[in-house]
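One structure is given here, and the rest of the page talks about it.
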Amino acid sequence: MRDLLRFLFRIRITLLFLLLMGMGLGMVVNGNEHHKAQAISSSNSVIGRIYGWRSSVVEYAGLREENLRLALEIAALRDRDARSRIAVKDSTGVVRDTVTRQQYRYITARVINSTVQKKRNYLTLDKGELAGLHKDMGVVGANGIVGVVREVSPHFALVISVLSNELETSVQLKRSGHFGLLKWDDEDLTPLTIRMTDVAKHVPVEVGDTVVTRGGDGIFPGGILVGTVIAKENDPASNYHTITINLSEDLSRSGYVHVVDDLLKLEQDSLQSKASPDE
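Numbering (this note's numbering), first residue to last: 49 to 327.
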């Protein structure tokens, strides 16, 4: 307390100057309507700017919650999408009404780690076995496919990205329906581009064509966006197109994704396991 009094005593002249200046400004403002209006306008401007900064900080702090809310809404919409459901059948044929059975459901998760510059790129999700995730589940983002779950622990999942030379996904040209395989070559492609292979040369392919998932593999539903064709090359020594695709999903950004749970995968795998290896 004694030190504070000594400090105030040392700056007594400065404090007196500030007090007199404040009193003088107050008398000027109160004694002149023009100055008073200017002072009110300036104070409103300052206060408005402070409130604007405050609003920006609050909005930024709430972005994570807002993004999660939007991701959950997208997952709910995908659950209700026609591509996630199949028609209910009886003993005589397809029921001709709106009765459907859900085949796919979507689990929202957040990407907490990822790579895009390696030969085998991976993502880590903040959901695992306790949330219903298991191996070989497809992962999609808001704009397209992301990858396939490779390993899971109780609270986390490791996803092999489509930007990996280990992953080959069946895709098709939306316009013609012709299908091929999605492959990534890290040597001459960027994290935004990928190749579609095994499409015969007689198939018409144009720059700008849309590529979607083929479906039926128990990983991705059919019709999920993959990207658009940006280049097509024809090697005389090959019977197939070399097609370069610009991915619709930017895998270099973190955010929320949806893990695809095929509710009929076990039944399909059980049936297909009965086929002879030579068939």
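The beta carbon of each residue, even a glycine, is placed where N, CA and C say it ideally should be.
Everything numeric in this text was worked out from a predicted model, so none of it was measured.
Between the alpha carbons of residue i and residue j, how many angstroms are there, rounded?
{"i": "R44", "j": "G225", "result": "This structure leaves residue 44 out entirely; the chain is present only between 49 and 327."}
{"i": "L215", "j": "I208", "result": "7 Å"}
{"i": "T172", "j": "N282", "result": "37 Å"}
{"i": "K322", "j": "L311", "result": "20 Å"}
{"i": "Q316", "j": "Q150", "result": "15 Å"}
{"i": "Y152", "j": "Y304", "result": "18 Å"}
{"i": "L178", "j": "A285", "result": "51 Å"}
{"i": "I267", "j": "M185", "result": "5 Å"}
{"i": "N294", "j": "Y170", "result": "19 Å"}
{"i": "S162", "j": "S318", "result": "33 Å"}
{"i": "V194", "j": "T258", "result": "17 Å"}
{"i": "I242", "j": "D233", "result": "7 Å"}
{"i": "S218", "j": "Q165", "result": "23 Å"}
{"i": "E62", "j": "L56", "result": "The residue you asked about is not Glu; residue 62 is Thr in the sequence shown. Cα to Cα, T62 sits roughly 10 Å from L56."}
{"i": "R60", "j": "L52", "result": "12 Å"}
{"i": "G271", "j": "V260", "result": "5 Å"}
{"i": "L314", "j": "K249", "result": "36 Å"}
{"i": "G74", "j": "L67", "result": "11 Å"}
{"i": "P269", "j": "V210", "result": "16 Å"}
{"i": "G72", "j": "R58", "result": "23 Å"}
{"i": "S251", "j": "L125", "result": "One point to set straight first is that residue 251 is Val, not Ser, in the sequence displayed. Between V251 and L125, the C-alpha separation is close to 34 Å."}
Can you tell me which of the three DSSP states residue i falls into?
{"i": "I59", "result": "coil"}
{"i": "L181", "result": "coil"}
{"i": "D310", "result": "strand"}
{"i": "L215", "result": "coil"}
{"i": "L237", "result": "coil"}
{"i": "E199", "result": "strand"}
{"i": "R243", "result": "strand"}
{"i": "G72", "result": "helix"}
{"i": "E281", "result": "strand"}
{"i": "S296", "result": "coil"}
{"i": "F329", "result": "Here the chain covers residues 49 to 327 and nothing more, so residue 329 does not appear."}
{"i": "R50", "result": "helix"}
{"i": "T140", "result": "Here T140 scores only 41 on pLDDT, less than 50, and its place in the model is too uncertain to base an answer on."}
{"i": "Q165", "result": "coil"}
{"i": "Q316", "result": "helix"}
{"i": "F204", "result": "coil"}
Excluding the 5 residues flanking residue i on each side, which residues of the same chain have their C-beta closer than 7 Å to its C-beta?
{"i": "T245", "result": "G228, L229, K231, Y288"}
{"i": "V253", "result": "L221, V247, V277, K280, H289, I291"}
{"i": "R54", "result": "none"}
{"i": "D174", "result": "A157, R158, I160, F204"}
{"i": "L50", "result": "Here the sequence assigns Arg to residue 50, which means Leu is not the residue at that position. Same-chain partners within the cutoff: there are none."}
{"i": "D265", "result": "S218"}
Please check the pair residue i and residue j, which I expect to be a contact at CB under 8 Å, by giving their CB distance rounded to whole angstroms.
{"i": "P239", "j": "S302", "result": "That pair is no contact at about 13 Å."}
{"i": "R198", "j": "K183", "result": "7 Å"}
{"i": "V188", "j": "V196", "result": "Incorrect: roughly 11 Å between the Cβ atoms, too far for contact."}
{"i": "V255", "j": "Y154", "result": "Actually they do not touch by this definition, with Cβ atoms about 32 Å apart."}
{"i": "G180", "j": "D309", "result": "7 Å"}
Excluding five sequence neighbours on each side, which residues of the same chain lie with their C-beta closer than 6 Å to the C-beta of residue i?
{"i": "G176", "result": "V200, S201, P202, H203, F204, A205"}
{"i": "S296", "result": "N191, G192, L273, G275"}
Tell me which same chain residues have a C-beta within less than 8 Å of the C-beta of residue i, skipping the five on either side of it?
{"i": "T140", "result": "A caution first: T140 carries a pLDDT of 41, below 50, which makes its placement in the model unreliable, though a value can still be read off. Counting only Cβ-Cβ distances below 8 Å, and skipping sequence neighbours, we find nothing."}
{"i": "N92", "result": "With a pLDDT of 45 at N92, under the threshold of 50, the predicted position of this residue should be treated as unreliable, though the coordinate-derived value follows. Correct list: empty, nothing qualifies."}
{"i": "N213", "result": "K167, R168, K231, W232, D233, D234"}
{"i": "L237", "result": "R243, T292"}
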